[in-house]
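Numbered according to UniProt numbering, the sequence shown spans residues 1 to 228.
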Amino acid sequence: MPRSRPGAQSRDELNPADGLPPTGPGPRARPAPPSADARLLAIAADHLRRLGHRQVTVVGVAAEAGMTHANVYRYFPSKTALVDAVAGRWLREVEAELGSIADAPDPADDKLERLLLALASMQREVLARDPHLFAVHRDATVESRPIARRHRGRLRQLVERVIEEGMNAGTFSLRDRERGLAFIFDTSHRFLHPVSIQLDAEVPRDLIEARLGAVIRAMLRILRIGTL
């Protein structure tokens, strides 16, 4: 019987992983750098916050990004498109929050109340925290720019979905859904339109919330009794 060499392993004792490269964690992959349009948006957001939308320039944003202003126009066709894109990021956050309310497993009347209160509250908060961003949102709404029209369409979809749920559950009694939607937006316009919100900037928050709450309660009563 042949002798094994000292220190040698028998075939049965061989580790199948011997001779294979180590399988431990390798070096972490570096995160991908932000895309050019994301960098431009971040710089534009900073300029907007510090300087105001009237002082933001494509040339200034391009210089900080280390590119020519002609290159900026590859991503954003105008200064208005650039600042609207900054406001659009915030509006998508607003819409996501409102969407989570609309998706909640709560009664439709409760969801409608929370949705309207949240929309008013988030606009007041950004007016106080970042008035220049709010100014872009206000001007886009007044001028009915594409970003404002898209936002208005998404709001309508969310409210329409809640109304549909309420009608199916018997919470709301509407003879004409379109009239009901128009009634909701007409009634709450005073508290949700950015121009009105800015005009009420100095009114105490609790007073505004109490007034809006009273309007919503009256609105819900009418939605329940079937007069629309």
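No residue lacks a Cβ here, since even glycine has one placed at the ideal position from N, Cα and C.
Just so you know, these numbers come straight off a predicted model, no measurement behind them.
**Report entry** Limits of the unbroken alpha helix (DSSP H) element including Q198
**Finding:** As a position in the sequence shown, residue 198 is number 198, starting the count at 1. Note, Q198: alpha helix (DSSP H), P194 to L199.
Query raised in the report: By how many angstroms is the C-alpha of Q157 removed from the C-alpha of D109?
Result: The sequence position of residue 109 within the sequence shown is 109, counting from 1. The sequence position of residue 157 within the sequence shown is 157, counting from 1. In a straight line, the C-alpha of D109 is about 16 Å away from that of Q157.
Query raised in the report: How many whole angstroms separate the CB atoms of A159 and L127, which I take to be in contact at a CB cut-off of 8 Å?
Result: Translated into positions along the sequence shown, residue 159 becomes position 159. Translated into positions along the sequence shown, residue 127 becomes position 127. A small correction: the amino acid at residue 159 is Val; Ala does not occupy that position in the sequence shown. About 22 Å; that fails the 8 Å criterion.
**Report entry** For A210 and R177, the rounded distance between their alpha carbons
**Finding:** The residue you call residue 177 lines up with position 177 of the sequence shown. The residue you call residue 210 lines up with position 210 of the sequence shown. About 27 Å.
Query raised in the report: For F191 versus A120, is the C-beta spacing smaller than 8 Å?
Result: The count along the sequence shown starts at 1 and reaches residue 191 at position 191. The count along the sequence shown starts at 1 and reaches residue 120 at position 120. A contact, by the Cβ cut-off of 8 Å.
Query - Ordered list of alpha helix (DSSP H) runs contained in the region 122–159, each at least 4 residues - result: 131–142
Requested in this report: Classify F191 as helix, strand or coil using the three-state DSSP reduction.
Outcome: Walking along the sequence shown from the start, residue 191 turns up at place 191. If DSSP states are grouped into helix, strand and coil, F191 belongs with the helices.
Requested in this report: Can you give me the start and stop residues for the alpha helix (DSSP H) that R39 sits inside?
Outcome: The residue labelled residue 39 in the question sits at position 39 within the sequence shown. R39 -> alpha helix (DSSP H) spans A36 to L51.
Report task. Specify the secondary structure class of E64 as computed by DSSP and reduced to three states. Result -> Stepping through the sequence shown from its first residue, residue 64 is reached at position 64. Reduced to three states, the DSSP call for E64 is helix.
Query - V203, buried or exposed, once every other Cβ within 10 Å from all chains shown has been counted against 16 - result: By one-based count along the sequence shown, residue 203 stands at place 203. Counting Cβ neighbours within 10 Å, V203 comes out exposed, since fewer than 16 surround it.
Query raised in the report: Looking only at C-alpha atoms, which of Q198, I184 and H193 sits nearest to R221?
Result: Position 221 of the sequence shown holds residue 221. R221 has its Cα closest to that of I184, out of Q198, I184 and H193.
**Report entry** CB of R92 within 8 Å of CB of I101, strictly
**Finding:** What you label residue 92 is simply residue 92 of the sequence shown in a count that begins at 1. What you label residue 101 is simply residue 101 of the sequence shown in a count that begins at 1. Contact: no.
Requested in this report: Can you give me the Cβ contacts of A135 inside the same chain, cut-off strictly under 7 Å, excluding the 5 residues immediately before and after it?
Outcome: Position 135 of the sequence shown, counted from the first residue, corresponds to residue 135. Same-chain partners within the cutoff: H53.
Query raised in the report: Are the Cβ atoms of T72 and V58 separated by less than 8 Å?
Result: In the sequence shown, residue 72 corresponds to position 72, counting from 1. In the sequence shown, residue 58 corresponds to position 58, counting from 1. In the sequence under discussion, the amino acid at residue 72 is Val, which differs from the Thr named in the question. Their beta carbons are under 8 Å apart, which means V72 touches V58 by this criterion.
**Report entry** Straight-line gap, D84 to L155 (C-alpha atoms, nearest Å)
**Finding:** To locate residue 84, count along the sequence shown from 1; it is residue 84. To locate residue 155, count along the sequence shown from 1; it is residue 155. Roughly 18 Å between the two C-alpha positions.
Requested in this report: Within its chain, find whatever has a CB closer than 7 Å to the CB of residue 229; leave out the 5 residues flanking it on each side and keep chain order.
Outcome: The requested residue 229 does not occur in the structure, where the chain is confined to residues 1 to 228.
**Report entry** Of the listed residues I163, N168 and I208, nearest to R179 (C-alpha basis)
**Finding:** On the sequence shown, residue 179 is found 179 positions in, with the first residue counted as 1. Residue I163 is the option with its Cα nearest to R179.
**Report entry** F76 (DSSP reduced to helix, strand or coil)
**Finding:** The sequence position of residue 76 within the sequence shown is 76, counting from 1. It is coil, neither helix nor strand.
Report task. With a threshold of 16 other CB atoms inside 10 Å of the CB of A45, please say whether the residue is buried or exposed. Result -> Counting from 1 along the sequence shown, the entry for residue 45 is found at position 45. By the 10 Å Cβ count, A45 comes out buried.
Query - Where residue 237 falls: helix, strand or coil (DSSP) - result: Lying before the first or after the last residue shown, residue 237 is absent from the chain, which here runs from 1 to 228.
Query raised in the report: Closest by CA to L223, which one among E64, A62, F172 and G213?
Result: Taking the sequence shown and counting its residues from 1, one reaches residue 223 at position 223. Of the listed residues, the one whose Cα sits closest to L223 is F172.
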